[in-house]
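Here the structure comes first, spelled out in structure tokens, and everything after it is commentary.
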Amino acid sequence: MIDNIIETTKLAKSFGNQWALYDINIQFKKGVTTGLVGPNGAGKTTLFSLLCGFLKPTKGSTTILGLNPDDAELRNRISILPQDALLLKTIPVGKQLEMLAELQGFSRKQAQDESIRVLKMVNLSSSRNKNADQLSHGMLKRIAIAQAFIGSPELILLDEPTAGLDPNTTDSIKSVIRSLSNKTSIIITSHNLEVIEDLCQEVIILKEGRLHSHEKIADLTARTKALTFRLEQDPDISIKDIFASLPIVTDIKLGKQGQHRLVVYFNDEQGQMAEIEILKCLAQANISYREMIRGERLQETVADRLE
Amino acid sequence: MNSLRLSVIKTLVRQDLYYALKSARGLLFLVFFGVFWFWVLWKLSSGNAQYLANPEASMILSYIIDPKIAQALFVNRAPTLSAFFYLAVSTVPMFVLFAASDQTANDIGSKYLRFLTPRCNRIEIFIGRFIGAVFLVSMAYIVISLFAALISMYVDKDSFSMVMADTPIIILSLILYTIPFVALMSLCSVVVGSAGLSALVGISIYVVFLTLISVVRYKLPDIAGFLSYVIPNSTKPLFLQLNWTSMLSAAVTVPFYVFAYGYLGFMVFKKRDI
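As given, the protein sequences belong to chains A and B, one line each in that order. Using numbering that gives the first Met the number 0, the letters of the first sequence correspond one by one to residues 0 to 306. Using numbering that gives the first Met the number 0, the letters of the second sequence correspond one by one to residues 0 to 273.
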């Protein structure tokens, strides 16, 4: 029984003289939905492609489900949403899904049923007989997502699953991923940290081709120990004095200029009473806010950490 | 061997043939091939090849092509079918380097392979695409050879039995002769990211080696003889003898070419980023 679904050891990849990824040692836990994040050029897509076996490592090694990424026994046990792979232009998308399902061992009839099932999951049943060149970018993205849901993989790797999708479609795709996360391990890369925050339990942060940190989302967002306010304007440094009289407040963090952000950390032993005290304090100081959330936004904590 | 599943290869070949008939590159090859052979067979159907069976014509042909081949093809044979066979063998590189250029090339460029690799091993994809290309080219040559045989029966009177005897050798020879060219293209198509570029690489390799062999033959005939085995048309004179013995001798080299080109191609495909 393996605990880690993926393990990398000193994994590195260079393109010419440029190291895109260096000395990466990571363990992805089984049954945990993990996000892979980082700014542009951090090496997310390179790491993702190495895990999927699309790219060959320059140094180091990877094991997936205890096997080498090229191992024949891995076939059909993992499924992948590649970011920029194109479907065949002149074959109906439903037929293409059937073809992929057949390669996973489904009979022709089963493959047809499977194709219908996964198209339904991404709300594209009506496009089954359309060719790829008749569909929009967002629809093609959903077809690509649908192919990753064929069969019952033990591990699903999704590269930017919501990029290019409208908010409604993003929500429905998120809900499908959420439902699958009970049955399988999922790894997601995304620039949209709201998606990562919504779907993942752990996050791996990459920076400049190196592993920056691997943490639980709950630890990063400190849901029960902080309140984040979006104020009408940037808070002044003197705002810290307002909370000086409140012993439950343990720390104050101000956002960068233009973010209008204020994070108040508190001792969570008093539960909701602590939150009420903080809100009262703000009201007394005549500070209004547009939005308040419990904890911190992953977007902001990750940005802070990467500074 | 669990890394080479026959059921997956069968499915890949079926899908590759289906896509070839639906894609622009497959249709372009079939249209180009069809139009060319329609024109040639149209010309041959008016009996233009019959004079090649005359002793005078055979003598002239002996100056142009190998005398043994001229004799084997045009003495006591159906001249229309022989003329078709000679033209077919001579044009194999032109058609096959084009038809088999997109075994993996476009899928590398479009990254479609990324949908296949979670489901198939790279060796299965490589072999499946090779067999798919062999089937496509073979089917095209079988159809065109049968048409040529029918025309020959009609044009070359009293040649029914000869045509019946020669047609199977012609079909088999054409298929066997094309296979090493398809293998050469399986090597070319793994190093580039588009079918057009793959065809260009294949044609360039072929032309460069032909030129090199011609130049070297002038000064060093032994080395030229050795070099001629690098490209797949070294067996052409044997196939053109149009008899079972020569054909089987030539057929022996086919696995070597397939293995050599295929092995090199797979080594590149196995290690390359897709």
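Using N, Cα and C, we set each Cβ at its ideal position, and we do this for glycine too.
| said: Whole angstroms are fine: how far does the CA of T32(A) sit from the CA of T45(A)? | reply: The sequence position of residue 45(A) within the first sequence is 46, counting from 1. The sequence position of residue 32(A) within the first sequence is 33, counting from 1. T45(A) and T32(A): Cα-Cα distance of roughly 19 Å.
Within 7 Å (strictly less), CB to CB, does S22(B) reach chain A? On the second sequence, residue 22(B) is found 23 positions in, with the first residue counted as 1. Taking Cβ atoms only, chain A reaches closer than 7 Å to S22(B), which makes this a yes.
For this session: Would you decide whether A243(A) is buried or exposed? Buried here means 16 or more other CB atoms lie within 10 Å of its CB.
Result: Against the first sequence, residue 243(A) aligns to sequence position 244. So A243(A) counts as exposed.
For A100(A) and L51(B), the rounded distance between their alpha carbons:
Along the second sequence, read from residue 1 onward, the residue named residue 51(B) stands at position 52. Along the first sequence, read from residue 1 onward, the residue named residue 100(A) stands at position 101. Taking the straight line from one Cα to the other gives about 56 Å.
Are the stretch 77-84 of chain A and the stretch 42-57 of chain A touching by the rule of at least three beta carbon pairs closer than 8 Å? yes
#### Entry: Proximal chain B residues relative to K55(A), where beta-carbon distance stays under 8 Å
Reading the first sequence from its first residue, position 56 is the one you call residue 55(A). The answer, in chain order, is K270, R271, D272.
Just checking A249(B) against the ligand NAD - is the residue's beta carbon closer than 6 Å to any of the ligand's heavy atoms?
In the structure on display, the ligand NAD does not appear, and there are no ligands present to speak of.
Could you pull the start and end residues of the alpha helix (DSSP H) that S61(B) belongs to? As a working note, residue 61(B) is residue 62 in the second sequence. Here the alpha helix (DSSP H) through S61(B) covers 54-63.
| message | Looking at V181(B): is its Cβ nearer than 7 Å to the Cβ of A99(B)? | response | The sequence position of residue 181(B) within the second sequence is 182, counting from 1. The sequence position of residue 99(B) within the second sequence is 100, counting from 1. Yes, the pair counts as a contact, with Cβ atoms nearer than the cut-off.
Q) What does T310(A) pair with, by DSSP beta-bridge criteria? A) Chain A is shown from 0 up to 306; residue 310(A) falls before or after that span and cannot be answered.
- Just how far apart, CA to CA, sit L16(B) and G131(B)? Taking the first residue of the second sequence as 1, we reach residue 16(B) at position 17. Taking the first residue of the second sequence as 1, we reach residue 131(B) at position 132. Whole-angstrom Cα-Cα distance: 6 Å.
- Does DSSP put L205(A) in a helix, a strand or coil? In the first sequence, residue 205(A) corresponds to position 206, counting from 1. In this structure, L205(A) counts as strand in the three-state DSSP scheme.
Integer-rounded CB distance, given that S189(A) should sit under 8 Å from G34(A)
For the purposes of this step, residue 34(A) is taken as the residue at position 35 of the first sequence. For the purposes of this step, residue 189(A) is taken as the residue at position 190 of the first sequence. With 8 Å as the limit, G34(A) and S189(A) qualify as a contact, their Cβ atoms being about 7 Å apart.
- In three-state terms, what does DSSP make of R260(A)? Position 261 of the first sequence, counting from 1, holds the residue named residue 260(A). Three-state DSSP puts R260(A) in a strand.
Three-state secondary structure assigned by DSSP to T161(A): Indexing the first sequence from 1 puts residue 161(A) at position 162. T161(A) falls in the coil class under three-state DSSP.
Query raised in the report: For M163(B), is the classification buried or exposed, using 16 other Cβ atoms within 10 angstroms of its Cβ as the cut-off for buried?
Result: Your numbering for residue 163(B) matches position 164 in the second sequence. Exposed.
- Query: Bridge partners of E6(A), per DSSP?
  - Reply: Here residue 6(A) refers to the residue found at position 7 of the first sequence. Answer is Q26(A), T62(A).
(message) Strictly by DSSP, which residues pair up with I185(A)?
(response) Translated into positions along the first sequence, residue 185(A) becomes position 186. Bridge partners of I185(A): I155(A).
### Task
Please state if the CB of I25(A) and the CB of T7(A) are separated by a distance shorter than 7 Å.
By 1-based counting over the first sequence, the position of residue 7(A) is 8. By 1-based counting over the first sequence, the position of residue 25(A) is 26. Contact: yes.
(Q) For N285(A), list the residues DSSP reports as bridge partners. (A) By 1-based counting over the first sequence, the position of residue 285(A) is 286. The partner list for N285(A) (beta bridge, DSSP) is empty, contrary to what the question assumes.
Review point. Thinking C-alpha only, which one of V257(B), F265(B), A250(B), L239(B) is nearest A69(B)?
Key: Locating residue 69(B) in the second sequence gives position 70, counting from the first residue. Taking only the C-alpha atoms, the option nearest A69(B) is L239(B).
*In chain B, what lies closer than 8 Å to G93(A) by C-beta?*
For the purposes of this step, residue 93(A) is taken as residue 94 along the first sequence, with counting starting at 1. Within chain B, no residue comes near G93(A); the closest Cβ sits about 14 Å away, beyond 8 Å.
Q) Quick one, which of Q271(A), L261(A), G294(A) has its alpha-carbon nearest S287(A)'s? A) Here residue 287(A) refers to the residue found at position 288 of the first sequence. Among Q271(A), L261(A), G294(A), the Cα nearest to that of S287(A) belongs to L261(A).
Handout entry: Among I63(A), C280(A), D218(A), Q258(A), the one whose alpha carbon lies nearest that of L245(A)
Key = By one-based count along the first sequence, residue 245(A) stands at place 246. L245(A) has its Cα closest to that of C280(A), out of I63(A), C280(A), D218(A), Q258(A).
Against chain A, with Cβ distances strictly below 7 Å, would R118(B) count as a contact?
For the purposes of this step, residue 118(B) is taken as the residue at position 119 of the second sequence. Judged by the 7 Å Cβ criterion, R118(B) is in contact with chain A.
- Measure how close the beta-carbons of G59(A) and A19(A) come, nearest whole angstrom, since I'm counting them as under 8 Å. Translated into the one-based positions of the first sequence, residue 59(A) becomes position 60. Translated into the one-based positions of the first sequence, residue 19(A) becomes position 20. Actually they do not touch by this definition, with Cβ atoms about 13 Å apart.
*asked:* So N111(B) contacts chain A; which residues on that side make the cut at Cβ distance below 9 Å?
replied: Here residue 111(B) is taken as the residue at index 112 of the second sequence, counted from 1. In the sequence as displayed, the identity of residue 111(B) is Tyr instead of Asn. Correct list: A84, L85, L86, L87.
- Item | CA-to-CA distance, R118(B) to F79(A), given in whole angstroms | For the purposes of this step, residue 79(A) is identified with residue 80 of the first sequence, where counting begins at 1. For the purposes of this step, residue 118(B) is identified with residue 119 of the second sequence, where counting begins at 1. Correcting the residue type first, residue 79(A) is Ile in the shown sequence and not Phe. I79(A) and R118(B): Cα-Cα distance of roughly 10 Å.
Keeping to the same chain, check which residues put their C-beta closer than 7 Å to that of A198(B); ignore five residues upstream and five downstream.
Here residue 198(B) refers to the residue found at position 199 when the second sequence is read from its first residue. Once the five neighbours on either side are set aside, the close Cβ partners of A198(B) are L96, F97, S100.
Under 7 Å between beta-carbons, which chain B residues line up against E101(A)? List them in chain order, please. For the purposes of this step, residue 101(A) is identified with residue 102 of the first sequence, where counting begins at 1. The answer, in chain order, is T10.
Could you pull the start and end residues of the beta strand (DSSP E) that A225(A) belongs to? For the purposes of this step, residue 225(A) is taken as the residue at position 226 of the first sequence. That run of the beta strand (DSSP E) goes 225-230.
Check your understanding: Quick one, are the C-beta atoms of G150(A) and Q109(A) less than 7 Å apart?
Key -> As a first step, residue 150(A) is located in the first sequence; it is residue number 151 there, counting from the start. As a first step, residue 109(A) is located in the first sequence; it is residue number 110 there, counting from the start. It is not a contact, given that the beta carbons lie outside the stated cut-off.
**Request:** Rounded to whole angstroms, what's the CA-CA distance from R271(B) to A194(B)? Just pull it up for me.
**Result:** Position 272 of the second sequence holds residue 271(B). Position 195 of the second sequence holds residue 194(B). So the two alpha carbons sit approximately 17 Å from each other.
Sequence-distant residues of its chain with Cβ nearer than 7 Å to R121(B) (five each side left out)
In the second sequence, counting from the first residue as 1, residue 121(B) sits at position 122. Only F268, K269 meet the Cβ criterion.
### Message
Considering only their Cβ atoms, is the gap separating V92(A) from I142(A) smaller than 7 Å?
### Response
If you number the first sequence from 1, residue 142(A) lands on position 143. If you number the first sequence from 1, residue 92(A) lands on position 93. Cβ atoms of I142(A) and V92(A): closer than 7 Å.
Would you say F97(B) lies against chain C (beta-carbon separation less than 7 Å)?
The chain inventory of the structure shown lacks chain C, comprising the protein chains A and B.
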